[in-house]
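Scroll down for the structure; my scribbles are underneath it.
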Amino acid sequence: MSMTNAQQLRVLSRIDDRGDISRIRFAPVEGGDIIGFEAGAHLDLYLPELDLWRQYSLCSDPSETGFYEIGVLKDPQSRGGSLKVHETAAEGAIFTVEGPRNHFPLDETAETTVLLGGGIGITPMIAMAKRLDALGKDFTLHYCTRSEEVTAFLDELNGCGFADRVVFHFDDKDADQKLDLTRDLPAPGAGTHLYVCGPQGFMDWVIDTAEAAGHASANVHREYFSADVDVTGDTFEVECAESGVTITVGPDDTIAKALARAGIKIEVKCEEGVCGTCLTDVLEGEIDHRDQFLTDEEREDGDVICACCSRAKGPKLVLEI
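The sequence shown begins at 364 in this note's numbering and counts up one residue at a time.
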């Protein structure tokens with residue numbers, strides 16, 4: 364495991380909210396102010412019992428200096444990370460944390476911003492809404508959940524200073540209050556930016572609909588918490604230009620795992636191509652991108668790869684490692 368820029372944070376408080384979502388606040392063990400962050404940032408939590416890193420978006424106000432807050436969904440379908448956080452994040456517990464990092468930055472120059480959160484995907488949107496409100500910007504926050512009874516942060520959002528800009532959409536309520544992208548998305552424009560986070564199906568629907576309506580891909584910002592990724596494929600070779608090592612990646616293998624067996628370590632955290640930790644420069648070869656992290660433009664450039672999941676389209680890749 365990596366401990367680059369790691370810090371020790373103590374659980375300051377925990378609220379078990381609706382929908383099996385725990386709202387957890389962290390503060391530095393040694394006291395003092397937290398490391399500052401911008402809206403859209405996340406923390407990497409290390410779970411030693413599982414030897415896993417997991418990423419959680421910050422939902423606290425970016426102007427807050429005393430604590431970080433995240434929301435963690437207790438998801439029985441996950442690989443165990445969220446269950447372990449729910450089990451261990453009692454008040455006073457200490458976690459090794461990296462970050463904050465930000466792969467989902469907010470464009471504060473936008474004229475109009477629409478934030479769309481599905482389920483636990485609301486967390487980065489709350490931080491963005493707080494920042495936009497502080498800046499006096501034009502924005503709307505759409506929050507989609509299965510029902511009001513499982514809607515975390517409901518009381519906070521109903522009582523906040525920008526409550527008139529929050530629109531709730533519940534799957535079990537009348538059709539006219541459900542998210543209607545034809546109705547609820549603004550017209551495309553250079554100064555209009557959309558942000559979406561939530562389950563993959565929800566995100567794909569929003570992104571595809573927005574781009575089909577004419578919103579520029581660069582203005583449709585997205586952050587995946589997880590992704591269904593197929594890492595299998597044909598065998599290929601990877602040459603490491605700096606170390607002089609060449610390895611074979613088999614049909615059920617990944618570049619990162621094959622390199623690790625050869626003694627070449629690429630830092631990996633999510634293993635699903637959503638966090639960007641394992642990005643590696645590509646010098647030669649055609650990439651079969653399987654990630655949800657890179658933009659379409661970055662994929663077209665063909666000079667970086669998420670080594671945890673993506674593969675080669677041809678017989679060989681040359682990496683700058």
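The beta carbon of each residue, even a glycine, is placed where N, CA and C say it ideally should be.
Asked, Found
"Using a threshold of 8 Å, state whether the C-beta atoms of ARG388 and TYR431 are closer than that.", "yes"
"Taking 6 Å as the limit between beta carbons, can you name the residues of its chain near CYS422, skipping five residues before and five after?", "GLU432, GLY434, THR486, ILE489 and ALA490"
"Helix, strand or coil for LYS679 per DSSP?", "strand"
"List the endpoints of the continuous beta strand (DSSP E) containing GLN418.", "415–420"
"On the criterion of 16 or more Cβ atoms from any shown chain inside 10 Å, does ALA550 qualify as buried, or is it exposed?", "exposed"
"Starting from the C-beta of LYS447, find all residues in its chain whose C-beta is less than 7 Å away, skip the five residues before and the five after it, and write them out in chain order.", "LEU410, GLU412 and LEU413"
"Just checking my contact of TYR558 with LEU479 at CB under 8 Å: how many whole Å lie between their CB atoms?", "7 Å"
"Rounded to the nearest angstrom, what separates VAL392 and ARG674 at their Cα positions?", "41 Å"
"Please report the straight-line C-alpha distance between ASP616 and GLY552, rounded to a whole angstrom.", "43 Å"
"Does the Cβ of ALA404 have 16 or more other Cβ atoms within 10 Å, making it buried, or fewer, making it exposed?", "buried"
"Ignore the nearest five residues each way along the sequence and tell me which others in MET364's own chain have a CB closer than 8 Å to its CB.", "A caution first: MET364 carries a pLDDT of 43, below 50, which makes its placement in the model unreliable, though a value can still be read off. TYR409, ASP414 and TRP416."
"DSSP state of VAL583, grouped into three classes?", "strand"
"Return the residue from the list THR658, SER606 and PRO614 that minimises the CA-CA distance to THR598.", "PRO614"
"Does the beta-carbon distance from GLN418 to CYS672 come in below 8 Å?", "no"
"At the level of alpha carbons, what is the spacing between CYS669 and ALA625?", "18 Å"
"Could you compute how far the alpha carbon of ASP686 sits from the alpha carbon of CYS560?", "As displayed, the chain neither begins before 364 nor continues past 684, which places residue 686 out of reach and without an answer."
"So, is LEU498 buried or exposed, given that buried needs 16 or more other C-beta atoms within 10 angstroms?", "exposed"
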